[in-house]
Each structure stands twice: as C-alpha cells, then as structure tokens.
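Undergrad: Be aware that the sequence shown starts at 0, since it is given in numbering that gives the first Met the number 0, and climbs by one per residue. Glycine included, every Cβ here is placed at the ideal spot set by N, Cα and C. Keep in mind it's a predicted model, so treat the numbers as computed, not measured. Once you've had a glance at the structure underneath, I'll fire off some questions.
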Amino acid sequence: MAEENTDIILSISSDVASMRRAQKRMEEMLNSMGRSSDSAFNKIADRANADMRRIEEGAIKLRRQLDATFQKSFGGSLNKGLAAVGSVLGTNEVRKYADQWTTAENMLKAATAATGMQTRSLKELRVGADDARVSVEDYVDLYARMVRSASGVAKSENEIALATNLVSKAFKAGGASAQEQAAGILQLGQALGSGVLQGDELRSLRENAPIVAKAIADEFGVTVAKLKDLGAEGKLTSDRVFRAIINAQKSIEAQFAATNATIGDGMTAINNAMLWSAP
Numbered sequence: 000m001a002e003e004n005t006d007i008i009l010s011i012s013s014d015v016a017s018m019r020r021a022q023k024r025m026e027e028m029l030n031s032m033g034r035s036s037d038s039a040f041n042k043i044a045d046r047a048n049a050d051m052r053r054i055e056e057g058a059i060k061l062r063r064q065l066d067a068t069f070q071k072s073f074g075g076s077l078n079k080g081l082a083a084v085g086s087v088l089g090t091n092e093v094r095k096y097a098d099q100w101t102t103a104e105n106m107l108k109a110a111t112a113a114t115g116m117q118t119r120s121l122k123e124l125r126v127g128a129d130d131a132r133v134s135v136e137d138y139v140d141l142y143a144r145m146v147r148s149a150s151g152v153a154k155s156e157n158e159i160a161l162a163t164n165l166v167s168k169a170f171k172a173g174g175a176s177a178q179e180q181a182a183g184i185l186q187l188g189q190a191l192g193s194g195v196l197q198g199d200e201l202r203s204l205r206e207n208a209p210i211v212a213k214a215i216a217d218e219f220g221v222t223v224a225k226l227k228d229l230g231a232e233g234k235l236t237s238d239r240v241f242r243a244i245i246n247a248q249k250s251i252e253a254q255f256a257a258t259n260a261t262i263g264d265g266m267t268a269i270n271n272a273m274l275w276s277a278p
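Laid out in structure tokens, this is it:
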C-alpha cells in the first residue's frame, strides 16, 4: 500500500509541476500582450484559453487522485499515508500541514466554548471549503467568527454554515484578494458581534465584498450608496444583515457558478487535500 500511495503522490507531484510551468508560460504570454498586434493578441488569447482548459481538467484529476489516495491511507495505516506524503513533501511541509490542522481545530473549540454551540467537524468544513474554492484555513476562520458573532441572530447552526459558504462564494465571485477577503471577514464579524453595521466596518465591506454589500442593499430596498446613511442611522442591525446574506443565496450561488476555476483554485484544492492528510 505504501508503494502504491507513493507512486500516486509522485504522479500528482509531476502534474503539479506541469501546472506551475503552464502558469509561468501564461504569465509570459500575458506580459507580451501589451506589445502584440491584434492578430498576435488573438493567437495568444487562444493559446491561453486552451491552457486554462487543460489546467482546470488537470486540477479536477489531481483532486480525485488525492481524495482516492488519502482514503486508501485512512482505510489502512495512517502512518503509511503520512510516509507517502512525506516522501514528496518532506518533514517540514508535513509538520506545517499538521500545525494548520491543529490551529483549525483550536478555532472550532474556542467558538464552541464561547457560545455553547456545537460546531461542524473539520471534515464537513473541508467539503464546504472545496465547494467555495477557498482554503480550509480561511473557511474555518470565517465559520468560527460566524459562530461567535452570529449565534444570537441565526436560527440554527445550519444557517451559520450556509452563511459561511455564501460569504466565501461572494468573496470569490467578487474577485477579492486574500488580503481583501481577510479584511472583509474581520469587519463583517465585528459588525455582527457589535449588533450594527456602520462606519469603517461598512466601508470595508463595501470595498472588499461588493456582492455582500449588494445583498444587504437589496434586503433594505436601497442602493449600495444609500447603505452609508442607513448605517449612520443605526438601521443596519446584525439580524437584518445576517438575514440579507441568507436571503441572497440564489443570487450569490448564480454569480459564483458563472466564474471559472483558476490555477490558484487548483492549487488550493491540492493544499486542502494535503491538509486533510496531515493529522
């Protein structure tokens, strides 16, 4: 079993290297676009689109291989599974994934201790993270913040889990960077915890999470620009803000479905699978 796992992991490692080479080629092509004629531009665009299709297919293949590999490892010996991963990643990388897993567990335990709410397992949250094409660490962080700040306004833990998934997809569909997502999540959590969305928290949400801001505006029947006035009047209460996210499920899901997986998303799926293998 160990040899079989090692072979599969090595194969995956080779595929990942190919994806990285493709990424480099695409970056070079994109850099040359500004210097290209229209005809050359079209050729470059066609090649880039073809590369993206191959990469997306490769990411799906990699994820399936990883899931199958780690399932076999868990079904047999955990040590064998870790040995197979370690043969490619090295001790330091395996330790890093194990530490990330422990940190995620600690966040859930802290949220449960603070609210008394029974939280989801990391296995369930990993499924949600993969569905939203975000890292497990970021997803668990958002979920834990939601548990602590929205437990008083959510009808159930199921609603908190749904809101976590929707907010993650809204950030992804809105094209937020990792830094913008972190800032938006922090401000949203603070707003839900304080009882009202206003001031800097509202400004940050409008800038970093425009899809969430639009959902809130729709809930109140106003434009996004008008939210500033409602915030100053103290009308953007946490219960209405949370309900706005839940009620926007159809819209957020549709906008997320219209986006395509990127190279980075493929690497995120791989990292999520590696993290799952670490404990």
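Given that a residue counts as buried once 16 or more other Cβ atoms are within 10 Å of its Cβ, and exposed if not, what is G183?
TA: By 1-based counting over the sequence shown, the position of residue 183 is 184. Buried.
Undergrad: Looking at the structure shown, is V195 part of a helix, part of a strand, or coil, going by DSSP?
TA: Position 196 of the sequence shown holds residue 195. In this structure, V195 counts as strand in the three-state DSSP scheme.
Undergrad: Candidates D228, Q180, K234 and G233: which alpha carbon is nearest V211's?
TA: In the sequence shown, residue 211 corresponds to position 212, counting from 1. Residue Q180 is the option with its Cα nearest to V211.
Undergrad: How is T222 classed by DSSP in three states: helix, strand or coil?
TA: The sequence position of residue 222 within the sequence shown is 223, counting from 1. Of the three classes helix, strand and coil, the one that applies to T222 here is coil, per DSSP.
Undergrad: Leaving out five residues on either side along the sequence, give the residues of the same chain with a beta carbon under 6 Å from the beta carbon of V152.
TA: If you number the sequence shown from 1, residue 152 lands on position 153. Answer for V152: S237, D238 and F241, listed in chain order.
Undergrad: Among T111, G194, V166 and G198, which residue has its Cα nearest to the Cα of A128?
TA: In the sequence shown, residue 128 corresponds to position 129, counting from 1. Measuring from the Cα of A128, the nearest candidate turns out to be V166.
Undergrad: Helix, strand or coil, according to DSSP, for T111 in the structure here?
TA: Within the sequence shown, numbered from 1, the residue matching residue 111 stands at position 112. Looking at T111 - three-state DSSP - the assignment turns out to be helix.
Undergrad: With the cut-off set at 8 Å, would you say K168 and A131 are in Cβ contact?
TA: In the sequence shown, the residue the question calls residue 168 occupies position 169. In the sequence shown, the residue the question calls residue 131 occupies position 132. For K168 and A131, yes; Cβs fall inside 8 Å.
Undergrad: Could you tell me the distance, in whole angstroms, from the CA atom of I245 to the CA atom of D199?
TA: Along the sequence shown, one-based indexing puts residue 245 at 246. Along the sequence shown, one-based indexing puts residue 199 at 200. Each residue's Cα considered, the two are about 23 Å apart.
Undergrad: What does a CB cutoff of less than 6 Å around T258 pick up in its chain, not counting 5 residues either side in sequence?
TA: Numbered from its first residue, the sequence shown carries residue 258 at position 259. Hits under 6 Å: A172.
Undergrad: For the candidate residues K122, Y138 and R147, whose alpha-carbon lies nearest to that of A109?
TA: For the purposes of this step, residue 109 is taken as the residue at position 110 of the sequence shown. With distances taken between Cα atoms, A109 lies closest to R147.
Undergrad: Could you check where the alpha helix (DSSP H) with R239 kicks off and where it finishes?
TA: Working through the sequence shown from its first residue, we reach residue 239 at position 240. Its alpha helix (DSSP H) spans residues S237 to N246.
Undergrad: Starting from R147, follow the alpha helix (DSSP H) in both directions and report where the run begins and ends.
TA: Counted from its first residue, the sequence shown places residue 147 at position 148. Counting along the chain, the alpha helix (DSSP H) containing R147 begins and ends at V135 to A149.
Undergrad: Using the beta-carbon count (16 or more within 10 Å), is T101 buried or exposed?
TA: The residue given as residue 101 occupies position 102 in the sequence shown. Exposed, by the Cβ-count rule.
Undergrad: Taking D228 as the reference, give the member of V195, A112, A177 and G263 with the closest Cα.
TA: Within the sequence shown, residue 228 is the residue found at index 229, counting from 1. That would be V195, whose Cα lies nearest to the Cα of D228.
Undergrad: If we call anything under 8 Å between Cβ atoms a contact, is A213 one with V223?
TA: For this step, residue 213 is matched to residue 214 along the sequence shown. For this step, residue 223 is matched to residue 224 along the sequence shown. It should be noted that the sequence gives Lys, not Ala, for residue 213. Against a cut-off of 8 Å, the Cβ pair of V223 and K213 comes out as a contact.
Undergrad: So T163 is in the alpha helix (DSSP H); what residue range does that whole segment cover?
TA: The residue given as residue 163 occupies position 164 in the sequence shown. Note, T163: alpha helix (DSSP H), E156 to A172.
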